[in-house]
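Residue numbers (UniProt numbering): 1 to 303. Worksheet for the structure shown next.
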């Protein structure tokens, strides 16, 4: 055992030095090109958690303010603190990957923002897969100061399955105070050809977003690739979601969801834990210390 430890020390040290050089090069690029960092920590948190008064093409871009130097200093300080702790190769790789992924999310979202309202979430694990990644797009068809008719679409990768949805909706705006809307959509599992229809309602205010959805299956029984001699189909159900943050701590965000599904053997907690009429509650907390880095922790339980 000691032989293997000794044999891995030198390659690990070399990789760590190389990774630190890459990290410092990334910091230098950010310092030399300050316009690449366009959000302060406060603005970054608000961009993720706050409700935009007008979710239309004209108001989707957040412009840079006069605190670019503060952004660069904050970014460099956090990266410097990380490197000063002498992280191992895995920690350094995760840090660099996280920063690069966050930057890619920002660039793609800003580019898509030219055509509508976009939300991008790219996740890259150690195998460079896109697990839990998603892309959502909202395009206004009819847009006035008080009402908007829109179409929406999304594609996401969850549990090794690729799923998409498309739908239409209407939103009513009461100045900059609140927004209420309804929508209908179709979810389709591209990996297994399952389909369901959904309807939803939403209510947004500053620092708070509430929504509810109902789901009705639109496809029948199909052979399951997970369980031998077993068939599967979408389950009917509904959910309620809440998202928000405190104005005093905009870097901190939180979300809460309750979901209920109906059926004799519903795999809400996985294919190996099928239950009758299961329900669950999920909670997640996010923290954005610097514009290009967001940390999250979540928990889900139920029966």
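Using N, Cα and C, we set each Cβ at its ideal position, and we do this for glycine too.
In this structure residue 149 is exposed. Its beta-carbon is surrounded by fewer than 16 other beta-carbon atoms within 10 angstroms. Straight through space, the alpha carbons of residue 268 and residue 165 are spaced by roughly 20 Å. Scanning 219, 212, 155, 250 for the CA closest to the CA of residue 259 turns up 212.
Bounds of the beta strand (DSSP E) holding residue 298 are 293 to 302.
For residue 180, the secondary structure class from DSSP, reduced to helix, strand or coil, is strand. For the stretch 119 to 173, the full-length beta strand (DSSP E) segments reaching 3 residues or more read 134 to 143, 147 to 158 along the chain.
Cβ neighbours of residue 203 within its own chain (closer than 6 Å, five residues either side excluded): 180, 210. Listed in chain order, the non-local C-beta contacts of residue 183 below 6 Å within the same chain comprise 167, 169, 200, local neighbours out to five positions each way being set aside. Here the C-alpha atom of residue 218 lies approximately 27 Å from the C-alpha atom of residue 119.
The beta-carbon distance between residue 277 and residue 263, rounded to whole angstroms, is 7 Å. This is short enough to meet the 8 Å contact definition.
Annotated as distal: residue 220 and residue 205, with beta-carbon spacing of 8 Å or more. Nearest C-alpha to residue 239 among 289, 256, 155, 245: 256. Per DSSP, the unbroken beta strand (DSSP E) holding residue 209 starts and ends at 208 to 217. As a beta-bridge residue in DSSP terms, residue 275 pairs with 266. Straight across, the Cα-Cα distance linking residue 253 with residue 287 is about 7 Å. Each of 251, 283, 284, 300 was checked against the Cα of residue 293, and the nearest Cα belongs to 251. Around the beta carbon of residue 138, 16 or more other beta carbons sit within 10 angstroms, so the residue counts as buried.
Distance from residue 235 to residue 261 at the Cβ level is roughly 4 Å; contact confirmed, criterion being Cβ atoms closer than 8 Å. Distance from the Cα of residue 143 is smallest, within the candidate group 104, 122, 173, 162, for 173.
Excluding sequence positions up to five before and after residue 135, its CB lies within less than 6 Å of the CB of 120, 155, all in the same chain and listed in chain order.
Per the C-alpha coordinates, the member of 242, 207, 230, 133 positioned closest to residue 248 is 207.
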